[in-house]
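Numbered by this note's numbering, the letters in the sequence shown go through residues 249 to 334 in order.
For every residue, glycine included, the Cβ atom is placed at its ideal position computed from N, Cα and C.
Keep in mind it's a predicted model, so treat the numbers as computed, not measured.
A short write-up of the structure that comes next.
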Amino acid sequence: MQIGNCFRCYPTPAQAQTLLQWIGCQRDIYNAKVREDQYFRTFARKSLQHTGQCAPIDQQYSHFKTDLTPWLSNVPGSLLRNGVVR
């Protein structure tokens, strides 16, 4: 029984550079969402518990695309969205 397929790719140097940039941008979004989640969990422990609400869980990343991060506009949205979810 075959469970999955294993593929190996050999990108050109330009493709490898693009992939590394995309992975770095995804890592940046993931780290930003982790910091945001830590902030909301701290905030939730201190004050949201008094109101009976939970900390928000969202999958938005568009507020990280600003003038200070122009490199995020060159990355496909599906990659950034996957970085937010994981």
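Judged by pairs of C-beta atoms under 8 Å, the segment 277-294 touches the segment 311-329, as three or more such pairs exist.
Here residue 331 is buried: its Cβ has 16 or more other Cβ atoms, across all protein chains shown, within 10 Å. In the structure shown, the three-state DSSP call for residue 318 is helix. Counted as a single uninterrupted DSSP element, the alpha helix (DSSP H) harbouring residue 272 occupies residues 261-291.
Contact between residue 273 and residue 319 holds: their C-beta atoms lie close to 6 Å from each other, under 8 Å.
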